[in-house]
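Chemist: First the structure, which I've put down as structure tokens, then a few questions once you've had a look.
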Amino acid sequence: MLMTTNEPVEAGRLTEHEAAALYRLMTWLSPAFPVGGFSYSSGIEWAVEAGDIVDTATLADWLDAMLGDGSGFCDATFLVHAYLAAEAGKDASLCEIAEFAAAFVPSLERQLETTSQGRAFVDIARAAWDADRLDAMVAACRTPLVYPVAVGVVAAAHGVPLAPTLHAFLHALVSNWISAASRLIPLGQTDSQRVLVRLEAAVAATANRALLATLDDLGGATFRADLASLRHETQYTRLFRS
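My numbering numbers the first residue of the sequence shown as -18 and each following residue consecutively.
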């Protein structure tokens, strides 16, 4: 027999601010948020053509390396430092971080990918959810905001906590990579979810590293992935823009 009660459930209830923060994170980093992530593969298209990625195992290995030793960790670290600078109102530091992040991108196509997504993220978030000082923070940067910096700045402007912002960003990043690969290998929906499950611990570990990392800790060891992003533009047939 189903038992019901009219008494409110207090345990674990979100505060108004927590509920708003969660709602915005789920919206901003959803595949439905129109930043155009579906049109980029971050070099995965070339890796599939070259035979480096052929199935779920090779895809998971490739993405694990990108996440922990390549652009995933670097983007996460830039997000953290952009968030902290924006939260503290340190416009000069934020400007330096934005310039450093833009210069850190290894290829022209990846530059197009991250700056286009960053611009779209700021414009759409600002149009739907404006926040105090957001315009001033964006204007303080003399360079277009790359995607992770844009996410950090917008989240800080809205008072969304850093740790869940970082985890949500990395989940969205990995999900987009898997989505691209699922169309290229191709993979079925269940296999795509298996890859996402396999990367769960790596996402958490990367987020925790980034929260403690300094800008001096930035660096990568994914030369093959960087090469893929450089060679993608010369592929004869392409589905993606990077």
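Beta carbons are placed, not taken as given, at the ideal position from N, Cα and C, and that holds for glycine.
Using the Cα positions of residue 204 and residue 71, report the straight-line distance between them to the nearest angstrom.
Modeler: 34 Å
Chemist: From residue 207 to residue 223, what distance separates their C-alpha atoms?
Modeler: 11 Å
Chemist: Out of 147, 195, -2 and 172, which has the shortest C-alpha to C-alpha gap to residue 184?
Modeler: 147
Chemist: Less than 8 Å between the CB atoms is what I'm expecting for residue 194 and residue 130, so what's the real figure, rounded?
Modeler: With 8 Å as the limit, residue 194 and residue 130 do not qualify as a contact, their Cβ atoms being about 15 Å apart.
Chemist: For residue -15, count neighbouring Cβ atoms within 10 angstroms of its own Cβ and tell me buried if that reaches 16, exposed if not.
Modeler: Bear in mind that the predicted position of residue -15 carries a pLDDT of just 46, short of 50, making it too unreliable to give a figure here.
Chemist: What first and last residue would you give for the alpha helix (DSSP H) that runs through residue 2?
Modeler: -3 to 9
Chemist: Please go through the same chain and pick out, in chain order, the residues whose beta-carbon is closer than 8 Å to the beta-carbon of residue 110, but skip the five residues on each side of it.
Modeler: 5 and 139
Chemist: Helix, strand or coil for residue 105, going by three-state DSSP, please let me know.
Modeler: helix
Chemist: Is residue 65 closer than 9 Å to residue 162 when the C-beta atoms are compared?
Modeler: no
Chemist: Residue range of the alpha helix (DSSP H) that residue 159 falls in?
Modeler: Start and end: 143 to 165.
Chemist: What residues in its chain sit with their C-beta under 8 Å from that of residue -17, if we drop five residues either side in the sequence?
Modeler: Residue placement at residue -17 is flagged as unreliable, the pLDDT there being 41, under the threshold of 50; a coordinate-derived value is accordingly withheld.
Chemist: Does the segment 162 to 181 come into contact with the segment 116 to 134, if we say contact requires no fewer than three beta-carbon pairs (one atom in each stretch) closer than 8 Å?
Modeler: no
Chemist: Under 6 Å Cβ to Cβ from residue 128, same chain only, skipping five residues before and after it: list those, please.
Modeler: 95, 98 and 99
Chemist: Excluding five sequence neighbours on each side, which residues of the same chain lie with their C-beta closer than 8 Å to the C-beta of residue 216?
Modeler: 26, 27 and 30
Chemist: Between which two residues does the alpha helix (DSSP H) carrying residue 88 extend?
Modeler: Here residue 88 belongs to no alpha helix (DSSP H), and DSSP marks it neither H nor E.
Chemist: Looking at residue 54 and residue 201, is the spacing between their C-beta atoms short of 9 Å?
Modeler: Cβ atoms of residue 201 and residue 54: closer than 9 Å.
Chemist: Which residue marks the beginning of the alpha helix (DSSP H) containing residue 204, and which one marks its end?
Modeler: For residue 204, the enclosing alpha helix (DSSP H) begins and ends at 204 to 212.
Chemist: Kindly list the residues whose CB is nearer than 7 Å to the CB of residue 157, restricted to its own chain and excluding five residues on each side of it in sequence; keep chain order.
Modeler: 18, listed in sequence order.
Chemist: Do residue 68 and residue 137 have their C-beta atoms within less than 9 Å of each other?
Modeler: yes
Chemist: In whole angstroms, what separates the C-alpha of residue 91 from that of residue 154?
Modeler: 14 Å
Chemist: What three-state label does DSSP hand residue 221 in the structure shown?
Modeler: coil
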